[in-house]
Amino acid sequence: MFYHDKKLQYTVKVEKPDPQFARALQQAIGGIEGEIRVCLQYLFQAWNSRGPVRYRDMLLNTGTEEIAHIEMLATAVCLNLQGASSSVIDTIVGNDPLMEKIIGGGDPRHFLSGGMGALASDANGVPFNGSWVVSSGNMASDMFANVMAEATGRTLATRLYELTDDAGMKDMLSFLIARDTMHQQQWLAVLEELGHGDMRGVLPIPNSFPQSQEHQEFSYAFVDTNIDPDSRSAGQNRRWTQGPSMDGKSEFREIKAQPLGDEPMLAPPLPEGHAQTEQIEQAGKKS
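Just so we're aligned: the sequence shown equals residues 0 to 286 in numbering that gives the first Met the number 0.
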């Protein structure tokens, strides 16, 4: 159950409205690196959580905080469009077909679909995609996914920071960047805790599957698929081809790729699938 406060989590001010920047901010709302993604990811992980309650509580807290970040960014989009509305409307109702050129890269859907408001889409107007949300039911797997989500989100926020000279927008983004820093740290802290003080303890994921049931001769072998016979860099210090594995359970090594299976031979097409006669008659022939 959620409650709301009418005040923003952090100040959002725009000194000079900029429709172009409003469009760029949409990536931080509905893009794959955006706040809708992490908000739903953390909340679904919380709602699906099985295990220690403290992890569910933490995920609920952070997922709820991300709702506040969506609100901040949506407000920023509105403020960047505010004051620019007349020019955008004039462009849309005008006769010049070069709308993109006139509005300088702004998104006409901010007016057409949003009434000068934010949208649940990315910077190109592509709607948010729920398939980006990761909630696997494996806590360690989800935490690694969360670190990646925060890392790409923080990268996006720093790029947005570089795109604007507006002091208010830089201040808001500086806050969001700081929160991304913390969220990266907390997910890594969970991984450390799950590994009983050593992150190696969570590997390989899932650690509940007995490694005796996998083909262990391939478990820590880097496969070189380069067809050049001299491509293998013997003696070079590459962390993933020699030395102890990251979980401390074996040693890395490098092997040349080679086929270990046979050429696949499929059954003839099903008659009711109505393939071509030649396919049905010649099925299984090597020609």
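Note that beta-carbon positions come from the ideal geometry of N, C-alpha and C, so glycine has one too.
Beta-carbon proximity list for residue i, same chain, < 7 Å, skipping 5 on both sides
i: Met142; result: Trp186, Val189 and Leu190
i: Ala122; result: Arg22, Ala23, Gln25, Gln26 and Gly30
i: Cys38; result: Gly62, Glu65, Ile66 and Ile69
i: Met138; result: Gly50, Tyr54 and Leu193
i: Met198; result: Leu190 and Glu191
i: Leu202; result: Met245 and Asp246
i: Leu175; result: His68 and Ala156
i: Arg237; result: none
i: Gly234; result: Because the pLDDT at Gly234 is just 49, under 50, the model does not fix this residue reliably, and the value given afterwards should be weighed accordingly. So the list is empty, once near-sequence residues are dropped.
Residue i classed as buried or exposed, judged by whether at least 16 other C-beta atoms fall within 10 angstroms
i: Pro218; result: As written in the sequence, residue 218 is Ser, which differs from the Pro given in the question. With fewer than 16 Cβ atoms within 10 Å of its Cβ, Ser218 is classed as exposed.
i: Arg178; result: buried
i: Lys5; result: exposed
i: Ala73; result: buried
i: Thr276; result: exposed
i: Asn145; result: buried
i: Ser173; result: exposed
Cα-Cα separation between residue i and residue j, rounded to whole angstroms
i: Ala21; j: Leu59; result: 29 Å
i: His109; j: Leu42; result: 28 Å
i: Gly129; j: Met57; result: 22 Å
i: Gly200; j: Ser207; result: 11 Å
i: Pro16; j: Ala117; result: 14 Å
i: Gly272; j: Ile28; result: 44 Å
i: Ser140; j: Gly260; result: 30 Å
i: Ala45; j: His214; result: 34 Å
i: Tyr210; j: Val52; result: Per the sequence shown, residue 210 should be read as Gln rather than Tyr. Each residue's alpha carbon lies about 29 Å from the other.
i: Ala220; j: Thr163; result: 46 Å
i: Trp239; j: His195; result: 24 Å
i: Glu216; j: Ala266; result: 32 Å
i: Pro270; j: Pro205; result: 42 Å
i: Trp2; j: Ser120; result: The question names Trp, yet the displayed sequence has Tyr at residue 2. Computed Cα separation, rounded: 25 Å.
Cβ pair residue i, residue j closer than 7 Å
i: Ile302; j: Phe127; result: What is shown of the chain runs 0 to 286, which leaves residue 302 out entirely.
i: Gly152; j: Glu253; result: no
i: Ser134; j: Asn47; result: yes
i: Glu161; j: Gln183; result: no
i: Pro268; j: Gln278; result: yes
i: Gly114; j: Gln19; result: no
i: Met147; j: Val11; result: no
i: Leu7; j: Met71; result: yes
i: Gln40; j: Val125; result: no
Close-in-space but distant-in-sequence residues of the same chain around residue i (CB under 8 Å, 5 per side omitted)
i: Val13; result: Ala75, Leu78, Asn79, Gln81, Asp165, Gly167 and Met168
i: Met0; result: none
i: Ala274; result: Pro268
i: Thr180; result: Arg153
i: Gly136; result: Asn47 and Arg49
Distance between beta carbons of residue j and residue i, contact taken as under 8 Å
i: Asp223; j: Ala256; result: 6 Å
i: Pro243; j: Glu250; result: 6 Å
Chain C contact for residue i (CB, 7 Å cutoff)
i: His68; result: Here chain C cannot be found, since the structure has a single protein chain.
beta-carbon residue i near the ligand FMN non-hydrogen atom, thresh 6 Å
i: Ser112; result: Ligands displayed in this structure: none; no statement on the ligand FMN is therefore possible.
Sequence-distant residues of the same chain with beta carbon closer than 6 Å to residue i, five excluded per side
i: Gln241; result: Phe251
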